[in-house]
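Heads up, the sequence shown is in full-length UniProt numbering, so the first residue is 1 and it goes up one at a time.
Glycine is no exception: its CB is placed at the ideal position from the N, C-alpha and C atoms.
Quick caveat: nothing in here was measured; it's all calculated off a predicted structure.
Worksheet for the structure shown next.
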Amino acid sequence: MWDLTTALQATAVVAAGALALPPVARGAGGFCAVIGLLGVLQGRTWAPTVAALGLLAWFVGHWSFAVRHDVRYRSTIALWVIDRTPLRWTIPRYWQLRRQRRQTVAR
1 MWDLTTALQA TAVVAAGALA LPPVARGAGG FCAVIGLLGV LQGRTWAPTV AALGLLAWFV
61 GHWSFAVRHD VRYRSTIALW VIDRTPLRWT IPRYWQLRRQ RRQTVAR
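Given below as structure tokens:
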């Protein structure tokens, strides 16, 4: 398998690419995740790495889309994961919506 330095470099490249091109990251990441999962079922040694990097690219692409488009998601899975984890605090629009909800409840 890979050493730690190579794995960290690959993760950084995938995350940077996903931030730069979210639509491509979502599509290619989803495809790689599926191919990786199928490879895991066949016992291939490369498959867990491809599946993990594919999921990372898919997820970062969705997160980046949510940041750029005011907390709208292209996938219900991304909505579920981001809204139920501390990642929601990294989206600027989340804070505005939270403040609005508090103000309407207080009235």
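### Query
How should A16 be labelled, buried or exposed, when 16 other C-beta atoms within 10 angstroms of its C-beta is the threshold for buried?
Mapped onto the sequence shown, residue 16 falls at position 16. Exposed: under 16 other Cβ atoms inside 10 Å.
Of all the options W95, L53 and F65, which has the alpha carbon lying nearest to the alpha carbon of L8? The sequence position of residue 8 within the sequence shown is 8, counting from 1. It is L53.
* Where does the unbroken alpha helix (DSSP H) through H62 begin, and where does it stop? -> Numbered from its first residue, the sequence shown carries residue 62 at position 62. Element bounds for H62: A47 to R68.
Identity of the residue in S75, T49 and P92 nearest G27 by Cα: Numbered from its first residue, the sequence shown carries residue 27 at position 27. Answer by Cα proximity: S75.
- Can you tell me whether DSSP reads G43 as helix, strand or coil? Here residue 43 refers to the residue found at position 43 when the sequence shown is read from its first residue. In this structure, G43 counts as coil in the three-state DSSP scheme.
- Task: Tell me where the alpha helix (DSSP H) around P92 begins and ends.
- Result: By 1-based counting over the sequence shown, the position of residue 92 is 92. According to the DSSP assignment, P92 belongs to the alpha helix (DSSP H) that extends over P92 to A106.
- Message: Let's test the definition: count the other Cβ atoms within 10 Å of the Cβ of G29 and tell me whether it reaches 16, buried, or not, exposed.
- Response: Walking along the sequence shown from the start, residue 29 turns up at place 29. G29 comes out buried.
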